[in-house]
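Colleague: Sending over a structure as structure tokens; questions will come in a sec.
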Amino acid sequence: MKNKNIAIVGATGAVGREFAACIESRGVPVKSLRLLASARSAGRTQTFRGQTLTIEELTEGSFDGIDIALFSAGSGISRQYAPIAVKAGAVVVDNSSAFRADPAVPLVVPEINARRIASHKGIIANPNCSAVTALVPLWPVHQANRVKRLIISTYQAASGGGAAMMQELEESTRAHLDGRDYAPKVVKYPYAFNLFSHNTAIDMDTGYNDEETKVMTEARKIFEDDAMAINATCIRVPVLRAHSVSMTFTCERPITPGEVRALLEKAPGVKVVDDWANNYFPMPKDASGQGDVLAGRIRKDLSDPSGHSISMFVAADQLLKGAALNAVQIAELV
Ligand code: A2P
Numbered sequence: 001m002k003n004k005n006i007a008i009v010g011a012t013g014a015v016g017r018e019f020a021a022c023i024e025s026r027g028v029p030v031k032s033l034r035l036l037a038s039a040r041s042a043g044r045t046q047t048f049r050g051q052t053l054t055i056e057e058l059t060e061g062s063f064d065g066i067d068i069a070l071f072s073a074g075s076g077i078s079r080q081y082a083p084i085a086v087k088a089g090a091v092v093v094d095n096s097s098a099f100r101a102d103p104a105v106p107l108v109v110p111e112i113n114a115r116r117i118a119s120h121k122g123i124i125a126n127p128n129c130s131a132v133t134a135l136v137p138l139w140p141v142h143q144a145n146r147v148k149r150l151i152i153s154t155y156q157a158a159s160g161g162g163a164a165m166m167q168e169l170e171e172s173t174r175a176h177l178d179g180r181d182y183a184p185k186v187v188k189y190p191y192a193f194n195l196f197s198h199n200t201a202i203d204m205d206t207g208y209n210d211e212e213t214k215v216m217t218e219a220r221k222i223f224e225d226d227a228m229a230i231n232a233t234c235i236r237v238p239v240l241r242a243h244s245v246s247m248t249f250t251c252e253r254p255i256t257p258g259e260v261r262a263l264l265e266k267a268p269g270v271k272v273v274d275d276w277a278n279n280y281f282p283m284p285k286d287a288s289g290q291g292d293v294l295a296g297r298i299r300k301d302l303s304d305p306s307g308h309s310i311s312m313f314v315a316a317d318q319l320l321k322g323a324a325l326n327a328v329q330i331a332e333l334v
């Protein structure tokens with residue numbers, strides 16, 4: 001990215017701030033960084049590499065001279081402004097779901113399908129955060145012994161709903177502990193000391209919510225395996241910033257927990273945390289602030305006596321590998 005001019009759209013948001021932090025912490029060489037947000041934030045400042053940068057209002061002219069634009073301001077903004085950025089000559093790495101299902105847009109997790117980046121026509125989509133969390137540790141298994149069926153349940157943090165949802169979790173928890181009433185503003189459910197089915201729309205035909213549908217369709221697209229059977233249940237939990245996923249998968253041939261562990265020990269982007277003696281396994285607290293997907297509880301699925309099925313539990317920082325880090329890795333490869 002030497003001599004590249006970078007723009008961040010949604011720079012004040014939960015993921016947007018992490019874009020800048022990842023560029024800084026990874027020592028990515030950048031010629032200039034432009035921070036873009038709504039008119040509400042224009043004029044505020046953020047520090048980047050010791051410099052004070054002023055946030056600008058996103059407009060149609062924001063992308064003049066920009067080489068790479070990292071978007072995380074919601075699907076509507078991506079749909080409206082990503083084509084404008086591409087027209088201005090930028091490559092867009094988009095964290096929203098706006099273009100993920102478009103067959104012409106690569107949907108990339110660098111550890112899995114970095115080669116897809118080369119086929120981009122201006123926009124590269126960053127996958128759903130739960131999909132990234134589940135698929136990074138599943139990919140080495142899938143390559144060694146095809147996963148033909150996958151059942152996952154997610155435990156998703158507030159960060160996936162943006163800065164406002166994180167704030168709601170903190171404020172409602174504080175109110176609960178103080179014995180005060182709290183009227184939810186961002187989600188329609190009490191969040192403190194509670195969990196709820198993912199706050200996206202339910203498909204009235206299937207009963208699956210949007211998040212579940214995204215995880216299922218994106219997994220097939222990223223693995224390039226339309227025949228993989230997947231079932232997802234997505235749940236929002238009162239955790240601030242790392243997602244966890246419980247998964248059970250069935251492979252084409254018999255597979256042992258030892259084989260899975262050995263594959264994961266050498267998999268890029270994965271750290272095995274599987275300490276049976278001490279009951280120490282992946283936790284969102286440990287996953288937060290670092291870039292690996294933590295994988296553990298690797299065990300035989302006892303409900304499948306054929307020996308083809310394994311259960312495991314994984315956790316990853318939703319704001320990093322689930323969003324900003326994955327996007328910055330893509331940008332580096334671009
Ligand atoms: P702002 O802070 O000015 O509202 P999050 O994902 O944490 O909810 O953050 C959403 C990001 O998208 C924020 O940076 C927010 O900026 C930005 N955003 C929301 N609406 C617009 C808009 N109309 N134009 C530009 N940026 C927007």
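Going by this note's numbering, the residue at position 258 of the sequence shown is 258; the numbering climbs one at a time, nothing skipped. Just so you know, even glycine gets a beta-carbon here, dropped at the ideal spot from N, CA and C.
1. Is the segment 257 to 272 in contact with the segment 133 to 140, if contact means three or more CB pairs nearer than 8 Å?
2. Quick one: residues in its chain with C-beta nearer than 8 Å to the C-beta of THR45, no 5 flanking neighbours on either side, listed in chain order?
3. Along the chain, where does the alpha helix (DSSP H) containing VAL30 start, and where does it finish?
4. Can you say whether ARG34 is buried or exposed, counting buried as having 16 or more other CB atoms within 10 angstroms of its CB?
5. Check each residue's C-beta against every heavy atom of ligand 3 and list, in chain order, those closer than 5 Å.
6. Consult DSSP for LEU53 and reduce its assignment to one of helix, strand or coil.
7. Please name the residue in THR47, HIS120 and ALA39 whose C-alpha comes closest to that of ILE23.
8. Need the endpoints of the beta strand (DSSP E) that ALA331 sits in, please.
9. So for GLY322, helix, strand or coil by DSSP?
10. Tell me the DSSP secondary structure of ASN113 in three-state form.
11. Please classify SER306: is it buried, with 16 or more other beta-carbons within 10 angstroms of its beta-carbon, or exposed?
12. Taking the continuous alpha helix (DSSP H) assigned at LYS121, which residues delimit it?
13. Go to TYR81, then tell me how far its alpha helix (DSSP H) extends in each direction, as first and last residue.
Modeller: Reading from the atomic positions:
1. Short answer: they touch.
2. Answer for THR45: THR52, LEU53, THR54 and ILE55, listed in chain order.
3. Judged by DSSP secondary structure, VAL30 falls outside any alpha helix (DSSP H); it is assigned neither H nor E.
4. The residue in question, ARG34, is buried, as its Cβ has 16 or more Cβ neighbours within 10 Å.
5. Ligands in the displayed structure: ligand 1; ligand 3 is not one of them.
6. Strand at LEU53.
7. Nearest neighbour of ILE23 by Cα position, chosen from THR47, HIS120 and ALA39, turns out to be THR47.
8. Not the beta strand (DSSP E): ALA331 falls in the alpha helix (DSSP H), residues 325 to 333.
9. In the three-state scheme derived from DSSP, where H, G and I count as helix and E and B as strand, GLY322 is classed as helix.
10. Helix.
11. With fewer than 16 other CB atoms across the displayed protein chains lying within 10 angstroms of its CB, SER306 is exposed.
12. Counted as a single uninterrupted DSSP element, the stretch harbouring LYS121 is not any alpha helix (DSSP H), since DSSP gives it neither H nor E.
13. In the DSSP assignment, TYR81 falls within the alpha helix (DSSP H) that extends over 75 to 87.
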